[in-house]
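Residue 1 is where the sequence shown starts when you use the UniProt record's numbering, and the numbers rise one by one after that. Each residue gets a CB set at the ideal place from its N, CA and C atoms; glycine is no exception.
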Amino acid sequence: AAELWDRAASALGPGRVRERLELEIRAIRASALAGAVVPSRARRARCVAEARALGDVELLTRTIVAFDVPTLWTAREYGSLDTGLLAAAHEALDGLPDGADELRARLLTTIAIEQEGEPGGEGPRRADEALALARRVGRPETLAAALNGRYINAYRRAADRDLRLALATELLELATAHELAAYQVLAHLQLQQVHMARLRPAEAARHRAEGQRLAEQYGLPLLRRISEWHRALGHAFSAEFDEAERAYREVGDDMSRSGIWASEQGVTFFGIFCVRLVRGRVADMVEPAAWMAGQWPHISATADLLALALAAAGRTDEARRAVEDAGPVRPDYFYELALALRARRAIVLGDPGLAAECLAALLPFADHIAGGASAVATIGPIAQTLGDLAAFLGRPDEAAGHYRQAIRVAGAMGVEHWSRAAADALRALGAPAA
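So, in structure tokens, the structure goes:
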């Protein structure tokens with residue numbers, strides 16, 4: 001379908017801009033659904049510029065929301081902000097006439113998705129507005145998109161885990177009832193993430209399998225490939241570390257070849273880094289961590305990872321310099337994992353002030369696993385990190401309580417090497433396991 005719409009749009013002459021844009025809108029959506037995320041975004045940017053020049057606010061809005069397809073993660077380069085698109089979207093939002101509620105809801109959803117993970121509250125606020133308006137409009141696909149927009153903005157608090165469950169459950173019911181195939185697949189993959197975060201690996205695996213089956217059935221490679229990261233995570237749970245690293249590379253290579261993701265190299269690196277950290281081999285990651293920090297200097301977590309690698313390699317002064325200007329952790333699907341890694345940095349660099357800040361920020365996540373929200377990579381129970389922070393800060397009784405919690409989390413997930421690590425930490429404190 002994407003190729004057909006593309007050919008139809010290309011066949012129109014330069015004097016038929018409006019007619020061509022109508023076809024481009026369909027081509028953008030079809031191409032994005034087929035997995036060509038990067039070229040679809042570039043195409044939309046060109047078309048938005050043309051639509052703005054025509055002065056037709058409704059055509060501009062439909063062009064902006066053409067890329068509004070089901071998404072589990074960031075559908076742009078990770079950590080970037082498309083200021084040009086957002087300017088056009090706010091211009092369209094201000095210009096839409098009264099009564100254009102469906103277009104307004106879809107535009108609000110696009111703004112919310114484009115703002116996910118950004119500091120400040122516009123992403124969640126616009127998502128709430130979109131969801132309320134979509135409920136009034138009553139069109140199933142508009143509501144499905146709004147539920148997606150709210151879900152992807154629900155990673156800022158530990159309690160958002162329950163909100164994501166409610167949103168994904170509603171989306172699955174809606175998509176199933178109205179035969180919205182792409183959103184049905186998305187909802188299963190959201191529920192995979194949610195159940196992983198809720199320490200229910202069997203339920204997570206069930207939803208992943210069903211999501212992948214439906215993605216194959218409906219020809220939705222974008223969603224199928226994104227779900228493949230879970231394969232690597234499964235190996236990490238089983239302490240099959242070589243297999244985990246191999247799986248991260250295979251999935252990253254698959255995404256890179258297909259043009260499906262702008263950030264597959266970063267996610268691959270992140271997953272392998274976490275595996276190496278758990279294995280005690282993070283000193284091997286200095287060179288790739290330095291490359292990643294250079295590629296994504298706007299992502300503060302990359303500085304933390306570089307510092308951890310440098311410190312493990314005995315280059316402590318360089319590690320401290322690497323994080324001199326590190327900003328806050330992004331409030332997105334990697335939040336609790338990135339914060340746990342920052343906590344590790346505080347410990348290895350001997351920073352009690354930062355350690356205390358991280359402990360306070362991570363306490364609400366005590367019954368989570370670091371990385372459960374994204375279901376991509378992990379360094380184990382948050383409680384293990386909390387125990388290490390408390391021990392570093394000279395609070396052995398508090399540390400023991402956290403390590404016992406880590407054993408309970410490990411038991412719920414069925415991950416034996418996490419249980420052993422927590423038990424070893426308790427023995428080092430001279431504390432009983434129960």
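Could you check the C-alpha separation between residue i and residue j for me, to the nearest Å?
| i | j | result |
| --- | --- | --- |
| residue 110 | residue 237 | 35 angstroms |
| residue 172 | residue 181 | 10 angstroms |
| residue 266 | residue 115 | 20 angstroms |
| residue 427 | residue 406 | 14 angstroms |
| residue 75 | residue 362 | 27 angstroms |
| residue 231 | residue 93 | 41 angstroms |
| residue 355 | residue 174 | 44 angstroms |
| residue 215 | residue 296 | 31 angstroms |
| residue 253 | residue 95 | 43 angstroms |
| residue 435 | residue 244 | The chain is shown only over 1 to 434; residue 435 falls outside these bounds and no answer can be derived. |
| residue 339 | residue 241 | 23 angstroms |
| residue 160 | residue 42 | 32 angstroms |
| residue 255 | residue 398 | 43 angstroms |
| residue 121 | residue 90 | 16 angstroms |
| residue 429 | residue 423 | 10 angstroms |
| residue 190 | residue 166 | 11 angstroms |
| residue 80 | residue 389 | 31 angstroms |
| residue 50 | residue 408 | 57 angstroms |
| residue 369 | residue 263 | 23 angstroms |
| residue 131 | residue 65 | 15 angstroms |
| residue 401 | residue 69 | 44 angstroms |
| residue 45 | residue 210 | 34 angstroms |
| residue 27 | residue 36 | 11 angstroms |
| residue 40 | residue 118 | 22 angstroms |
| residue 31 | residue 357 | 44 angstroms |
| residue 82 | residue 72 | 18 angstroms |
| residue 381 | residue 320 | 26 angstroms |
| residue 201 | residue 229 | 15 angstroms |
| residue 88 | residue 47 | 11 angstroms |
| residue 38 | residue 410 | 38 angstroms |
With DSSP run on the structure shown, which of helix, strand or coil describes residue i?
| i | result |
| --- | --- |
| residue 68 | coil |
| residue 157 | coil |
| residue 129 | helix |
| residue 449 | Nothing about residue 449 can be read from this structure; the chain reaches only from 1 to 434. |
| residue 256 | helix |
| residue 78 | coil |
| residue 446 | Residue 446 lies beyond the range of the chain shown here (1 to 434); nothing can be said about it. |
| residue 198 | coil |
| residue 432 | coil |
| residue 291 | helix |
| residue 352 | helix |
| residue 220 | coil |
| residue 331 | coil |
| residue 266 | helix |
| residue 180 | coil |
| residue 452 | Limits of the chain in this structure are 1 at one end and 434 at the other, which puts residue 452 out of reach. |
| residue 347 | helix |
Measuring alpha carbon to alpha carbon, tell me which of the options ends up nearest residue i.
| i | options | result |
| --- | --- | --- |
| residue 54 | 255, 18, 30 and 285 | 18 |
| residue 197 | 157, 341 and 428 | 157 |
| residue 98 | 80, 133, 78 and 77 | 133 |
| residue 345 | 104, 365 and 322 | 322 |
| residue 367 | 395, 412, 105 and 342 | 412 |
| residue 149 | 176, 86 and 127 | 127 |
| residue 286 | 318, 300, 268 and 279 | 318 |
| residue 139 | 129, 101 and 78 | 101 |
| residue 421 | 385, 396 and 27 | 385 |
| residue 225 | 30, 248, 418 and 87 | 248 |
| residue 274 | 239, 291 and 250 | 239 |
| residue 218 | 20, 77 and 34 | 34 |
| residue 435 | 246, 37 and 277 | For residue 435 there is no data in the structure shown, the boundaries of the chain being 1 and 434. |
| residue 169 | 329, 72 and 188 | 188 |
| residue 315 | 125, 106, 61 and 349 | 349 |
| residue 325 | 299, 136, 201 and 341 | 299 |
| residue 233 | 184, 69, 39 and 379 | 379 |
| residue 222 | 331, 186 and 304 | 186 |
Is the closest heavy atom of the ligand GDP to the C-beta of residue i under 7 angstroms?
| i | result |
| --- | --- |
| residue 423 | Inclusion of the ligand GDP in the displayed structure is not the case, the ligand content being empty and no account of it being possible. |
Am I right that residue i and residue j are in contact with their C-beta atoms under 8 angstroms? What's the rounded C-beta distance?
| i | j | result |
| --- | --- | --- |
| residue 352 | residue 393 | 6 angstroms |
| residue 283 | residue 312 | 4 angstroms |
| residue 377 | residue 271 | 4 angstroms |
| residue 212 | residue 375 | With a Cβ gap of about 13 angstroms, residue 212 and residue 375 do not count as contacting. |
| residue 308 | residue 277 | 7 angstroms |
| residue 433 | residue 404 | 7 angstroms |
Complete alpha helix (DSSP H) runs within the segment 366-420 (minimum length 4 residues, chain order): Here the runs fully enclosed are 382-392 and 396-413.
Sequence ranges, alpha helix (DSSP H) only - wholly within the segment 79-150, length at least 4: DSSP runs (the alpha helix (DSSP H)) wholly in the segment 79-150: 83-95, 101-114 and 122-137.
Minimum length 3: unbroken beta strand (DSSP E) runs contained in the segment 304-329: Here no run is fully enclosed.
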